[in-house]
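Everything on this sheet refers to the single structure shown next.
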Amino acid sequence: MSSPVQIAPARGKLGVLLVGLGAVATTTIAGVCAIRKGLAPPIGSLTQMGTIRLGKRTEGRSPKINEFVPLADLNDIVFGGWDIFEEDCYAAARTAGVLENGQLDRVRGELEAIRPMPAVFDQRYVKRLHGPNVKKGKNKRDLAEQVITDIRAFKERHACDRLVMVWTGSTEVYMKEAPVHASVTSFERGLEQSDESIPSSMVYAYAAFREGIPFANAAPNLTADVPAMLELAARTGAPVAGNDMKTGQTLIKTIIAPGLKARLLGVRGWYSTNILGNRDGEVLDDPESFKTKEESKKSALDYIFQPHLYPELYKDLCHVVRINYYPPRGDNKEGWDNIDLIGWLGYPMQLKINFLCRDSILAAPIVVDSALFLDLAKRAGMSGIQEWLSFYFKAPMHAREVYPEHDLFIQLMKLKNTLRHMQGEELITHLGREYYD
Ligand SMILES: NC(=O)c1ccc[n+]([C@@H]2O[C@H](COP(=O)([O-])OP(=O)(O)OC[C@H]3O[C@@H](n4cnc5c(N)ncnc54)[C@H](O)[C@@H]3O)[C@@H](O)[C@H]2O)c1
């Protein structure tokens, strides 16, 4: 057993700043308000409902995670954020159309009190949107300073002890790492010159890291995953996690694929298609934003199947991902997967999955959990990439020298072992010989 990590207590209020107050953000906020009032259960949230086994199976120790590690209480969270639209959170939640009006009305006062701060936005990076609530500045440096001013004012206004920022904004166009992202110095020069390779999301992440605030990226954009950001996060002691929340089809993919691989069943093809009618679907209808999403969605299978180790089973796997914008469905996405399998002696089989899910209902508990765990990491003195939070993301951030872990079950084990490590409990290896010796 190792000694516990020193963790500062979760005293006072935690400000959760959401960039982009759309479907995911408002479902998160309304959900937390409803849960606080005892109106609904926090289903899907590991921090609120999960337990953790400690010690041997014979010890019967399985506390709730939020009793085992000092997490902020939902009652101590204050929400705020930015959006390019001026409507308050109640109106935005009505527009998003995820939660029923009757349910929203029961938390109406709290939602109406949250009004978006003017956004850093440039249509170059999200082509399908256009809104009035946008900051003006002489360059991107100036915009970043304005975001920092917003952050400080929010903290003071709400008497927050600590803050966390989560990008819940739209998916930006596909971008590759550029020379301006190489270091804090080049990045700050780039801000000064309003370099094209700095999208709006990076301006927010930069502001968060300057303030030492934990940052999570719920979308697939290249935002915090560049050397300049990681250098700054290390300097100010800010933890970071991302990218792109693992919900819907990719969640199911990373549940099914590890099972097929465990039994060494081959896969020749995996065809995934979706219909989606919310604003996210509209943004993803733009080919450049779709490319960002596609890259993020496609990487999981390669890493899980390891075709270089199992060429007879997974080499040349045909993996196709489609997202079709279909307004009548709103946030209630429907996904179809067709998996072409091969079994013993090469005989073909098929598996069909039809998932009628609700995108933001799956996403909201992830926003809550990642905010609470990042706040815990900050108080435990853990900065930089938090790989143990891979569990929540489609394209998990990872150290450059290792490949990302996509298998949901390994990710969960990593997450829980990190919590055990923090509290000086024995790590669980599932060896279990001791029961038979
Ligand atoms: N719902 C899910 O299951 C899920 C899963 C993984 C990732 N995501 C990602 O999460 C993000 C949010 O999804 P959503 O369904 O809430 O979308 P949404 O369109 O309802 O909300 C996004 C909001 O971000 C705002 N926005 C865009 N650029 C901004 C900027 N620069 N500053 C401030 N606000 C900005 C938009 O005006 C909009 O209100 C998307 O990128 C989506 O791809 C969602």
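Here the sequence shown is numbered in my numbering, starting from 13 and rising by one per residue. We put the beta carbon where it would ideally sit given N, CA and C, even for glycine.
Item, Value
"Can you find the residues in the same chain that come closer than 7 angstroms, C-beta to C-beta, to G109, ignoring five residues on each side of it along the sequence?", "G342, D343"
"Less than 6 angstroms between C-beta atoms, sequence neighbours within five positions excluded: which residues of the same chain meet that for T266?", "A312, H418, L420"
"Measuring only from the beta carbon, is D100 closer than 6 angstroms to any heavy atom that is part of ligand 1?", "no"
"Decide if P360 is buried, meaning its Cβ has at least 16 other Cβ atoms within 10 Å, or exposed.", "exposed"
"How many angstroms separate the CA atom of F199 from the CA atom of A228?", "20 angstroms"
"How is the beta strand (DSSP E) around L431 delimited, first residue to last?", "Here L431 belongs to no beta strand (DSSP E); instead the alpha helix (DSSP H) covers 420–434."
"Cβ of R120 versus every heavy atom of ligand 1: is any distance shorter than 6 angstroms?", "no"
"Could you tell me which of W348, A269, W282, I354 sits nearest to I365, measuring between CA atoms?", "W348"
"Can the beta-carbon of D387 be found closer than 7 angstroms to that of A84?", "yes"
"Specify whether the stretch 95–102 and the stretch 403–411 touch according to this definition: at least 3 beta carbon pairs, one from each stretch, less than 8 angstroms apart.", "no"
"Within 10 angstroms of the Cβ of T262, are there 16 or more other Cβ atoms? Answer buried if so, exposed if not.", "buried"
"Use the C-beta contact count for C172: other C-beta atoms within 10 angstroms, 16 or more gives buried, fewer gives exposed.", "buried"
"Work out the CA separation of I47 and P53 for me, nearest whole Å.", "6 angstroms"
"In three-state DSSP terms, what is M214?", "helix"
"Can you grab the Cα-Cα spacing for the pair E208 / K152, in whole Å?", "10 angstroms"
"To the nearest angstrom, report how far apart A220 and R445 are at their CA atoms.", "47 angstroms"
"Does ligand 1 have a heavy atom nearer than 6 angstroms to the CB of A375?", "yes"
"Check the DSSP bridge columns for M12 and list the partner residues they point to.", "Only positions 13 to 449 of the chain appear in this structure, which leaves residue 12 out of reach."
"Where does Q362 fall in DSSP's three states?", "strand"
"Run through DSSP, which three-state label would V279 get?", "strand"
"Cβ-heavy atom distance between A103 and ligand 1 below 6 angstroms?", "no"
"Residues in the same chain with beta-carbon distance under 6 angstroms from I163, minus the five sequence neighbours each way, listed in chain order, please.", "E223"
"Can you tell me which residues form a DSSP beta bridge with R73?", "L66"
"Taking the alpha carbon of D60 as the reference point, which residue from K76, T235, L51 has its own alpha carbon closest?", "For clarity, residue 60 is Gln in the given sequence; the question names Asp instead. Ranking K76, T235, L51 by Cα distance to Q60 puts K76 first."
"What residue does the beta strand (DSSP E) around R334 start on, and which one ends it?", "330–337"
"Got a sec: does ligand 3 put a non-hydrogen atom nearer than 6 angstroms to the Cβ of A84?", "Ligand 3 is not part of this structure, which contains only ligand 1."
"Are the stretch 21–37 and the stretch 269–281 in contact at 8 angstroms, needing three or more beta carbon pairs?", "no"
"When every heavy atom of ligand 1 is checked, does at least one fall within less than 6 angstroms of the C-beta of M257?", "yes"
"Taking all protein chains shown into account, decide if S372 is buried (16 or more other Cβ within 10 angstroms of its Cβ) or exposed.", "buried"
"Whole angstroms is fine: what's the gap from L155's alpha carbon to K147's?", "7 angstroms"
"Tell me which residue opens and which closes the beta strand (DSSP E) that R174 is part of.", "172–179"
"Beta-carbon separation of T38 and A376 under 7 angstroms?", "no"
"Could you check where the beta strand (DSSP E) with L30 kicks off and where it finishes?", "25–31"
"Whole angstroms are fine: how far does the CA of D352 sit from the CA of K327?", "13 angstroms"
"If we call anything under 7 angstroms between Cβ atoms a contact, is A250 one with A236?", "no"
"With distances taken from CA atoms, which of T441, G436, I440 is nearest F80?", "G436"
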